[in-house]
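Some notes on the structure that comes next.
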Amino acid sequence: MQKNLQFKGHYVHHGKNHHECELEHGKVHVFANDDVFGSFEAGVYTMADNNLRIPRNQYFSYTPDAHIGVGTCIGTTAVWRMSDGFVSPSIVGSDIGCGMRVHLTPYHSSELSHKDTLKKLVDAIGRFVPTNEITNTNYSDIDILEVVRYGLSGLPEKYRSDQQWLSHVEAANFPYDHAYLEKLPPIIRKYAQGQLGSLGGGNHFIELQRLEIPQDKKELAKSWGMFDGQLIVMIHSGSRAWGAMVGKEHNKVIKAAMDSWGISNPDPALIYAPITSEEGKAYLNLMYSALNFAVANRHMIAFGVQEAFREALGEDIKLPVLYDLMHNYALKEFHRGQPMLVHRKGTTRALPPGHFLNVPAYKETGHPALIPGSMGTASYIMAGRAEGAKNFYSICHGAGRLRSRKATKALVSVEEFQRSMKVGLEDEILVNHDSLESILDECPQAYKDVDAIIDSVVGAELADVVAKCLPLAVIKGR
DNA sequence: ATGTCC
Numbered sequence: 027m028q029k030n031l032q033f034k035g036h037y038v039h040h041g042k043n044h045h046e047c048e049l050e051h052g053k054v055h056v057f058a059n060d061d062v063f064g065s066f067e068a069g070v071y072t073m074a075d076n077n078l079r080i081p082r083n084q085y086f087s088y089t090p091d092a093h094i095g096v097g098t099c100i101g102t103t104a105v106w107r108m109s110d111g112f113v114s115p116s117i118v119g120s121d122i123g124c125g126m127r128v129h130l131t132p133y134h135s136s137e138l139s140h141k142d143t144l145k146k147l148v149d150a151i152g153r154f155v156p157t158n159e160i161t162n163t164n165y166s167d168i169d170i171l172e173v174v175r176y177g178l179s180g181l182p183e184k185y186r187s188d189q190q191w192l193s194h195v196e197a198a199n200f201p202y203d204h205a206y207l208e209k210l211p212p213i214i215r216k217y218a219q220g221q222l223g224s225l226g227g228g229n230h231f232i233e234l235q236r237l238e239i240p241q242d243k244k245e246l247a248k249s250w251g252m253f254d255g256q257l258i259v260m261i262h263s264g265s266r267a268w269g270a271m272v273g274k275e276h277n278k279v280i281k282a283a284m285d286s287w288g289i290s291n292p293d294p295a296l297i298y299a300p301i302t303s304e305e306g307k308a309y310l311n312l313m314y315s316a317l318n319f320a321v322a323n324r325h326m327i328a329f330g331v332q333e334a335f336r337e338a339l340g341e342d343i344k345l346p347v348l349y350d351l352m353h354n355y356a357l358k359e360f361h362r363g364q365p366m367l368v369h370r371k372g373t374t375r376a377l378p379p380g381h382f383l384n385v386p387a388y389k390e391t392g393h394p395a396l397i398p399g400s401m402g403t404a405s406y407i408m409a410g411r412a413e414g415a416k417n418f419y420s421i422c423h424g425a426g427r428l429r430s431r432k433a434t435k436a437l438v439s440v441e442e443f444q445r446s447m448k449v450g451l452e453d454e455i456l457v458n459h460d461s462l463e464s465i466l467d468e469c470p471q472a473y474k475d476v477d478a479i480i481d482s483v484v485g486a487e488l489a490d491v492v493a494k495c496l497p498l499a500v501i502k503g504r
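Residue numbers for the first sequence follow the numbering used here, beginning at 27 and rising by one.
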């Protein structure tokens, strides 16, 4: 048996980068290479054990980017049967529907790599896509109720920007019982109306990136419309105040219900309800409203980016969407012959070629799985493998935070951050902030090494790298 | 993550 300094219990080595750790209340599957596995903090196992106290869990795992979160680690895949299982706002995460989107451009990065051009683009994107908490994007012709009811299909015709706008997304619209919308505080609609198409803060970003495609993936990449050196736009955002409020409200309601049911957990922040309970149903229905908002929000961010390209470059170009998917949600999926509720908190679905859940456009190849790195480091576009079935087709969602925002600010200097962004050098990564101080907690030193995370996933045969995406410029909120 | 805190 291999040694893991952090995990004291018994574990089975299942295959390369796949460990099954026995805890008091069940098992957690960990997908990580030896270095990453050895670096896991002890607290993630306590957290797993608390989660495994939730009755009738069918599967629980960590991707290599796993780290401590509220109630449940970010990097968790947790599965219950629909018939007798549980739904947990804590295992969805606070930013419901948080996810990734990539748009392709017709440009080779060398055409736009001049600093003045990039600066112009960054500046324009900053104006067309607000980032602040209090935003007013002024899409007054969009009915926010239509958006949360029907997702992308609730957007007016004029915002349907390209041929692929509805077909190249993980989910354009989640149907649910709209009567539950009446239970939300009315003020939420006002916030949402002003926030649609805005980026938000924290780890959310828009990046201009350059593709680097491995030799053996050139053909697949070409079939996805990608080429070596291509300039692409990567977007990371979620459901803004709408999802935050849905989560907050139901945390309170379900917490009270747990008390009345006599359910308790060592971690008071871990909240869960039977799927068939009224509280569980209410959360699931409104979670879908947040997923609808999130995908429409990313679509509208991309709309703003396209307007910015048009203004900055003076060309009427199209930026077709490659794909849009989420890494914070609970989805009903059929696995092992029955309907299951698959929670992914900071994990990304990567369906393999031929899988029936793929959208038609990617049925043959599997869909692109979009994995962001930290600021100043590479992001990745992956493709799922059939072997991913062992983890319910979940892979990592990014680099994964290494240290808290507070600890990062105490440890890393602005100068170190500037060096990471190559400030002053020829290949400086442009940022939409005059000073990096206000976003110091987002520096690469705050995150794990994304290359080690990707190596873990590839080694575990969950997915392959189709393209490495190198950052040229980044737009962040604060 | 979040109109970031009752």
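Quick reminder that beta carbons are idealized off the backbone N, C-alpha and C, glycines included.
Quick one: what's residue i bridged to in DSSP?
i           : result
residue 350 : 127
residue 374 : 421
residue 218 : Answer is none; residue 218 lacks a bridge partner.
residue 85  : 105
residue 394 : 409
residue 489 : 410
residue 469 : Answer by DSSP bridge pairing: none, since residue 469 is not bridged.
residue 379 : Partner(s): none; residue 379 has no beta bridge.
residue 299 : 113
residue 57  : 44
Using the three-state DSSP reduction, which class does residue i fall into: helix, strand or coil?
i           : result
residue 364 : strand
residue 91  : strand
residue 314 : helix
residue 101 : strand
residue 178 : helix
residue 426 : coil
residue 400 : coil
residue 329 : helix
residue 450 : coil
residue 67  : coil
residue 443 : helix
residue 435 : helix
residue 359 : strand
residue 147 : helix
residue 112 : strand
residue 496 : strand
residue 133 : strand
residue 170 : helix
residue 501 : strand
residue 50  : coil
residue 33  : coil
residue 155 : coil
residue 483 : helix
residue 78  : helix
residue 385 : coil
residue 118 : coil
By alpha-carbon positions, which one of the options ends up nearest to residue i?
i           : options            : result
residue 103 : 66, 54, 280        : 54
residue 359 : 415, 231, 174      : 415
residue 190 : 262, 349, 341      : 349
residue 275 : 93, 306, 246       : 306
residue 366 : 77, 111, 43        : 111
residue 155 : 321, 232, 391      : 232
residue 395 : 438, 495, 446      : 495
residue 167 : 184, 123, 113, 179 : 184
residue 327 : 457, 301, 109, 225 : 225
residue 107 : 84, 120, 340       : 84
residue 351 : 422, 148, 86, 68   : 422
residue 159 : 222, 181, 148      : 222
residue 384 : 410, 273, 151, 504 : 410
residue 417 : 32, 388, 40        : 40
residue 50  : 62, 68, 65, 76     : 76
residue 72  : 213, 81, 93        : 93
residue 247 : 493, 501, 500      : 493
residue 407 : 36, 243, 173       : 243
residue 228 : 466, 479, 497, 499 : 466
residue 314 : 121, 38, 66        : 121
residue 497 : 459, 463, 399, 439 : 399
residue 356 : 310, 363, 181      : 310
With a threshold of 7 Å (Cβ to nearest heavy atom), would residue i be considered close to the ligand FMN?
i           : result
residue 285 : Ligands displayed in this structure: none; no statement on the ligand FMN is therefore possible.
* Inspect the CB distances between the stretch 327-345 and the stretch 286-297 and report whether three or more fall short of 8 Å. => Three or more Cβ pairs closer than 8 Å define a contact, and the stretch 327-345 falls short of that threshold against the stretch 286-297.
* At least three beta-carbon pairs within less than 8 Å, the stretch 488-497 to the stretch 376-396 -> Segments in contact, yes.
* Asked: Is the stretch 427-438 touching the stretch 464-472, taking contact as three or more C-beta pairs under 8 Å?
  -> The answer is yes - the stretch 464-472 touches the stretch 427-438, with three or more Cβ pairs under 8 Å.
* Evaluate the contact criterion for the stretch 57-65 versus the stretch 474-486: three or more CB pairs, one atom per stretch, below 8 Å. => Counting Cβ pairs under 8 Å, three or more are found: they touch.
* Asked: Which runs of the alpha helix (DSSP H), 4 residues or longer, sit entirely within the stretch 200-279?
  -> Here the runs fully enclosed are 213-221, 244-249.
* To do: Take every Cβ of the stretch 255-270, pair it with every Cβ of the stretch 203-220, and state whether three or more of those distances are shorter than 8 Å.
  => Because the criterion of three Cβ pairs below 8 Å is met, the stretch 255-270 and the stretch 203-220 touch.
* So, do the stretch 86-106 and the stretch 294-304 have three or more beta carbon pairs nearer to each other than 8 Å? -> Two segments are said to touch when three or more pairs of C-beta atoms, one from each, lie closer than 8 Å; by this definition the stretch 86-106 touches the stretch 294-304.
* To do: Check whether the stretch 123-143 touches the stretch 335-345, taking contact to mean three or more Cβ pairs, one atom from each stretch, closer than 8 Å.
  => Three or more Cβ pairs closer than 8 Å define a contact, and the stretch 123-143 meets that threshold against the stretch 335-345.
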